[in-house]
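Reviewing the structure listed below.
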Amino acid sequence: MADGPATRPSVVDRYFTRIFWTDIKGKLCEDQCVLQHSNKICVITIAPSHPLLRCEQITNVNFQVSTKVNRLDNKVSGKGKKGAQHLQPDSLLCEVTCSSGTKYSLYSCVRGKLVEVNEELVSKPHLMLEKPETEGYLAVVLPKLTENILDGRLTKEEYDKLLEDRKAPNGCAESNG
Numbered sequence: 046m047a048d049g050p051a052t053r054p055s056v057v058d059r060y061f062t063r064i065f066w067t068d069i070k071g072k073l074c075e076d077q078c079v080l081q082h083s084n085k086i087c088v089i090t091i092a093p094s095h096p097l098l099r100c101e102q103i104t105n106v107n108f109q110v111s112t113k114v115n116r117l118d119n120k121v122s123g124k125g126k127k128g129a130q131h132l133q134p135d136s137l138l139c140e141v142t143c144s145s146g147t148k149y150s151l152y153s154c155v156r157g158k159l160v161e162v163n164e165e166l167v168s169k170p171h172l173m174l175e176k177p178e179t180e181g182y183l184a185v186v187l188p189k190l191t192e193n194i195l196d197g198r199l200t201k202e203e204y205d206k207l208l209e210d211r212k213a214p215n216g217c218a219e220s221n222g
């Protein structure tokens, strides 16, 4: 039989649509990816081109986004996700520090309710580098039902084209983090 596990699409490929936010807050190449499930729930991740993925090691993931707000304190209950922190697309989810001292801010990208943050990243930050779309995800967000998160964002095909264009001189294919 020619068909084997190697030819099967991943769980992410089968059940999620990738939507890309590029150059977040004007920071060149600091792209993020939202994996939207068919039930509309969104998993926030870093995009394959994010300079964070070129870090040798991540030393810290900090979910304390202000003096009053810690994303780890988010407690939700019930069908309506009562108690969830409300997010805007530019809401800070966490700050990540690389072994080089470089810091990156990662954002919600979606307006909605914060269902959970990936608490594993606090003790195992290397998951962001090793498995950014699965165990290294940042957060799960339930978008507002009226929200079309694709508006002004890139599909996987459009993002791949952008990455090709970035390989041109003055792109960001070789920047370091």
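For the sequence shown, my numbering gives the first residue as 46, with consecutive numbering after it.
Even for Gly, the Cβ is constructed at its ideal location relative to N, Cα and C.
Look up residue i in the DSSP assignment and give the residues it is bridged to.
i: residue 184; result: 89, 162
i: residue 77; result: 66, 91
i: residue 143; result: 103
i: residue 109; result: 115
i: residue 120; result: In DSSP, residue 120 forms no bridge with anything.
i: residue 132; result: 157
Just curious, the beta strand (DSSP E) that residue i is in, first and last residue?
i: residue 53; result: No beta strand (DSSP E) contains residue 53, which DSSP labels as neither H nor E.
i: residue 151; result: 148-152
Residue i to residue j, Cα distance in whole Å?
i: residue 62; j: residue 81; result: 5 Å
i: residue 167; j: residue 190; result: 31 Å
i: residue 56; j: residue 146; result: 34 Å
i: residue 53; j: residue 112; result: 46 Å
i: residue 85; j: residue 205; result: 23 Å
i: residue 181; j: residue 163; result: 8 Å
i: residue 110; j: residue 150; result: 10 Å
i: residue 157; j: residue 65; result: 17 Å
i: residue 184; j: residue 169; result: 15 Å
i: residue 208; j: residue 197; result: 17 Å
i: residue 133; j: residue 161; result: 15 Å
i: residue 210; j: residue 203; result: 11 Å
Identify the continuous alpha helix (DSSP H) that holds residue i and give its terminal residues.
i: residue 192; result: Run containing residue 192: none; DSSP gives neither H nor E here.
i: residue 172; result: 172-175
i: residue 209; result: 201-211
Roughly how far, in whole angstroms, is the beta-carbon of residue i from the beta-carbon of residue j, given that I think they are within contact range, below 8 Å?
i: residue 69; j: residue 79; result: The Cβ separation is near 12 Å, so there is no contact.
Is it the case that the segment 158-176 contacts the segment 198-215, given that we only count it when at least three CB pairs across the two stretches are under 8 Å?
no
For the pair the segment 138-156 and the segment 96-105, tell me if three or more CB-CB distances fall below 8 Å.
yes
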